[in-house]
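Keeping their order, the protein sequence lines are chains A and B.
Per my numbering, the first sequence runs over residues 27 to 433.
Per my numbering, the second sequence runs over residues 27 to 433.
Protein chains: 2
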Amino acid sequence: MLVLKFIESMVQWSVIMKGIADVKGFLCGTGRGGIKKTEKPVDRDDVLVIVSETSATVAAVFTKNDIKAAPVKLSMEVVSSQDRVFGIVANSGNANACTGEQGFKDAEKMVKMCENLTGKKHFLVASTGVIGEPFVDRVEKGIEGAVKTLGAKSSSEAAAAIMTTDTFPKVAFFDGGGFSIGGIAKGAGMIDPAMATMLSFITTDVDIEKGLLQKILREVTDETFNAITVDGDMSTNDTVFILANGMSGIKIDESNCEIFVTGLKEVMGSLAYQIVKDGEGATKVARIIVEGALTKEEARKIARKIALSPLVKTAVFGCDPNWGRIIAAAGSACVGIDEGKLRLKIGDFLLFDGKRADYCEDDIYNYMKTSDEIVINLHIGRGNKSFEYLTCDLTCDYVRINAEYRT
Amino acid sequence: MLVLKFIESMVQWSVIMKGIADVKGFLCGTGRGGIKKTEKPVDRDDVLVIVSETSATVAAVFTKNDIKAAPVKLSMEVVSSQDRVFGIVANSGNANACTGEQGFKDAEKMVKMCENLTGKKHFLVASTGVIGEPFVDRVEKGIEGAVKTLGAKSSSEAAAAIMTTDTFPKVAFFDGGGFSIGGIAKGAGMIDPAMATMLSFITTDVDIEKGLLQKILREVTDETFNAITVDGDMSTNDTVFILANGMSGIKIDESNCEIFVTGLKEVMGSLAYQIVKDGEGATKVARIIVEGALTKEEARKIARKIALSPLVKTAVFGCDPNWGRIIAAAGSACVGIDEGKLRLKIGDFLLFDGKRADYCEDDIYNYMKTSDEIVINLHIGRGNKSFEYLTCDLTCDYVRINAEYRT
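Okay, structure coming up:
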């Protein structure tokens, strides 16, 4: 997770526009289906098609939710039966979840359309938006438009086509010197990390075997997308796809994969950070660092409890250095922490060191008030393992957005 | 949990004032210590003393949080070493948590003062309020005042003395015909049921052996206080005390305890309902009923996921029958539910029956808009076990209350 520290600068998304479309051999196209049921048509593209010029090795991580959307079910079949695919088709505006057999047929139709229009075989599919609305034929118009613009759309335009309540497109890029990794993601609400988070598509031009790619993707997901939370709600559609088309000519195997893993962490870490930064209604990111644990899993448990606590999240919103809530949340993980061994800092300010420390509340208030990112560091004095979690504050706007989402 | 259904009417707290002070041999007194650190003194009593004329069998349930407040630690010692006690001393305005050795001494001092002033030995102690503020001597003035008014204070006045962000005192009473059970509780935020919830004190005049009383208290707690949530935050101070002084002359044992268990469920169920109804910022109670589970634990897991989901809670606030969020939350329990077997109702309206049902959204909106309590019923088609959970909506006021709590 430390990798996240030095990539904060990458979050200036308006500056950094390189992403999936800037990796050798990958083409993006977007189209407008008008998928979301609204009084007047939504004025932006809502279908994305990504195609690789040559077939690409595929790996994926899916939601663990019992209720899986139709595109998740179909893509799981594709990933388990195919080593290589040619592309991805995705839409926003409708999640195609809880839509039964018809939803599955609709997802298949999206894939078949892409295959027919591009003449290439094996596409993955993903959808995001409202759950439970019947899926719509209007997606077909969007796919046609997307295929027509293949190669003409930028990574940011690709990311924008899968936005729902997002306020900015999420794009990241890593230049490995000879190879590259690009990524896009969407997500702002219903974000919780029991697996992936909402949608993220990664492209790379390395040549890599499927099993290794899957292993690396799973590991990096655990330290990036699975270490963030906005609201603790696990989605039915969470999906991460990675496509490796080998066009850089660089072969990655167990012996030399370190640089690739570093790059992937950077890309996925940046996307994860951007998702939290764009958390529904959020005004601040909170970085929860738990240190001094016996195991990484213990540190993760505590960090997650703090990151999920509405009382901590509202205190961050209120710039209130209410450390009692942080310690209470940590204790609720029930791993056996001892009050007398705890050491808690907010930013550089020591608030608790076995007992209440001597600090000036106004100074900490000012730090919280003037910082976009609040660092909460809890040392539990049990061992030397650590874990870092990203969350955002809980604001009135979160409530407003979600009380009014559909109306 | 079905017992909660017929006690909703008891929630008209302004009508039903009978509680702990109305049980034979129990006296309540309250005093004003001015414990909470505020610019101008709080204009209400903040110390409660409960005394039994004869000694009373004791049982208790405490928070499972690793970080336990000083009064919790001290009361745990008392309950484990004594079968019978004479009373309870409690304060609001300061939780006496994360206060180290000094906090423990302060809790002991509260107990000793009560013992000296009443001439009776063995008191339990409980505190609620801000975590981590040094405890204050001002509590002594409050205890003196409370002991002076013993017998003169009503159950509602007793409950009011332990309020923090509560907007009404929580009181309940059961008349067993010959014996009675009274209860009070406090709690509105930092409510989550991994054990008890905040503070609740129960008095009864039955004669019962400690082991049986403890067993019954634990069981009833699991079905009442442990089946509610406001914000998923587990407190450092959660405590339920029950004192049985035997003064009714009625002996309760394994053979005849059914009526006593029923009464206790009614009292604790009513208090639990009142806590959710008074959830910080809440405008509505949501009753989550999960049926058709293989085990009660499975039903509880799913009900809890739905009850904790911010997206479900904001949808309830917005009167939005957004059943996709409910099903997604249920699926996130990962117990293995199958979309095709789900049957979901909101009130009497069927929304999903293996697939989206045919319903009129406006009708459901109107039901939600005009109801103080929203019933969400999910049948998962796996077995015949069920569980019921109470939660409240998530509103802007919750955020406002907790972003500004201390300032």
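Cβ atoms here follow ideal geometry from the backbone N, Cα and C, with glycine treated the same way.
N- and C-terminal bounds of the alpha helix (DSSP H) containing residue i
i              : result
A185 (chain A) : S181 to A186
V173 (chain A) : V165 to K174
V302 (chain A) : E284 to K303
V425 (chain B) : C422 to A429
N392 (chain B) : E387 to T396
F343 (chain A) : P336 to F343
T247 (chain A) : K236 to E249
L368 (chain B) : No alpha helix (DSSP H) contains L368 (chain B), which DSSP labels as neither H nor E.
R70 (chain B)  : That residue, R70 (chain B), is in no alpha helix (DSSP H); it is neither H nor E in DSSP.
Inter-residue spacing [alpha-carbon to alpha-carbon] between residue i and residue j
i              : j              : result
S153 (chain B) : E324 (chain B) : 34 angstroms
A96 (chain A)  : F343 (chain B) : 29 angstroms
V173 (chain B) : V115 (chain B) : 10 angstroms
V425 (chain B) : G145 (chain A) : 53 angstroms
E159 (chain B) : D364 (chain A) : 18 angstroms
V98 (chain B)  : M394 (chain B) : 40 angstroms
E430 (chain A) : G237 (chain B) : 51 angstroms
L53 (chain A)  : K179 (chain A) : 8 angstroms
A185 (chain B) : D71 (chain B)  : 10 angstroms
V302 (chain B) : T255 (chain B) : 7 angstroms
P195 (chain A) : V156 (chain A) : 19 angstroms
D379 (chain B) : I314 (chain A) : 41 angstroms
E141 (chain A) : I276 (chain A) : 28 angstroms
C283 (chain A) : T247 (chain A) : 16 angstroms
Presumed contact (8 angstroms Cβ cut-off) between residue i and residue j, rounded CB distance
i              : j              : result
D109 (chain A) : T83 (chain A)  : 6 angstroms
A356 (chain A) : T262 (chain B) : In fact, because the Cβ distance is near 10 angstroms, the residues do not count as touching under 8 angstroms.
L176 (chain B) : V75 (chain B)  : 6 angstroms
D419 (chain B) : A312 (chain B) : 7 angstroms
S117 (chain B) : V165 (chain B) : In the sequence under discussion, the amino acid at residue 117 (chain B) is Asn, which differs from the Ser named in the question. Contact flag correct, Cβ pair sits at about 5 angstroms.
A198 (chain B) : L297 (chain B) : 5 angstroms
I169 (chain A) : G57 (chain A)  : 6 angstroms
Segment limits, beta strand (DSSP E) that includes residue i
i              : result
C124 (chain A) : That residue, C124 (chain A), is in no beta strand (DSSP E); it is neither H nor E in DSSP.
T230 (chain A) : L225 to T230
L376 (chain B) : F375 to D379
A152 (chain A) : F149 to T154
R313 (chain A) : V311 to A319
I400 (chain B) : E399 to H405
Closer than 7 angstroms to chain A by CB, residue i
i              : result
G208 (chain B) : no
N122 (chain B) : no
R382 (chain B) : yes
G357 (chain B) : yes
G119 (chain B) : no
I254 (chain B) : no
T223 (chain B) : Because T223 (chain B) carries a pLDDT of 43, less than 50, the predicted location of this residue cannot be relied on, and no value is offered for it.
T230 (chain B) : no
Neighbouring residues, chain B, relative to residue i (Cβ below 7 angstroms)
i              : result
K19 (chain A)  : Nothing can be reported for residue 19 (chain A): it is not among the residues displayed for chain A, which extend from 27 to 433.
F343 (chain A) : V425 and A429
Interface flag, residue i vs chain B, CB-CB below 7 angstroms
i              : result
P219 (chain A) : Note on P219 (chain A): pLDDT 41, under 50, position unreliable in the model; no value is reported.
V316 (chain A) : no
T262 (chain A) : yes
G126 (chain A) : yes
T340 (chain A) : yes
E365 (chain A) : yes
I242 (chain A) : no
I93 (chain A)  : yes
L28 (chain A)  : Below a pLDDT of 50, predicted positions are generally treated as unreliable, and L28 (chain A), at 36, falls in that range; the measurement from the model is reported next regardless. Answer no: the Cβ-Cβ gap between L28 (chain A) and chain B never drops below 7 angstroms.
Under 7 angstroms by beta carbon: chain A residues contacting residue i
i              : result
G204 (chain B) : What G204 (chain B) touches in chain A: nothing, since even the nearest Cβ is about 41 angstroms away.
I434 (chain B) : Residue 434 (chain B) lies beyond the stretch modelled for chain B, which goes from 27 to 433, so this question has no answer here.
I278 (chain B) : Within chain A, no residue comes near I278 (chain B); the closest Cβ sits about 33 angstroms away, beyond 7 angstroms.
Within chain A, partners of residue i - CB distance below 8 angstroms
i              : result
C422 (chain B) : C422, V425 and R426
G373 (chain B) : What G373 (chain B) touches in chain A: nothing, since even the nearest Cβ is about 18 angstroms away.
E183 (chain B) : Neighbours of E183 (chain B) on chain A: none; closest Cβ ~28 angstroms, over 8 angstroms.
Contact set between residue i and chain B, taken where Cβ atoms lie within less than 9 angstroms
i              : result
A319 (chain A) : None at all; the shortest Cβ gap to chain B is about 13 angstroms.
I157 (chain A) : N348, W349, G350, R351, I353 and A354
Residue i: contacting residues in chain A (beta-carbon distance under 9 angstroms)
i              : result
I400 (chain B) : Under the 9 angstroms cutoff, chain A gives no residues; its nearest Cβ is about 13 angstroms from I400 (chain B).
Chain-ordered chain B contacts of residue i [CB-CB under 8 angstroms]
i             : result
I61 (chain A) : Ordered by position in chain B, no residue passes the 8 angstroms Cβ test against I61 (chain A), which lies about 15 angstroms from the chain.
Beta carbon proximity, residue i to chain E, threshold 7 angstroms
i             : result
D69 (chain B) : The chain labelled as chain E is not found among the protein chains of the depicted structure, namely A and B.
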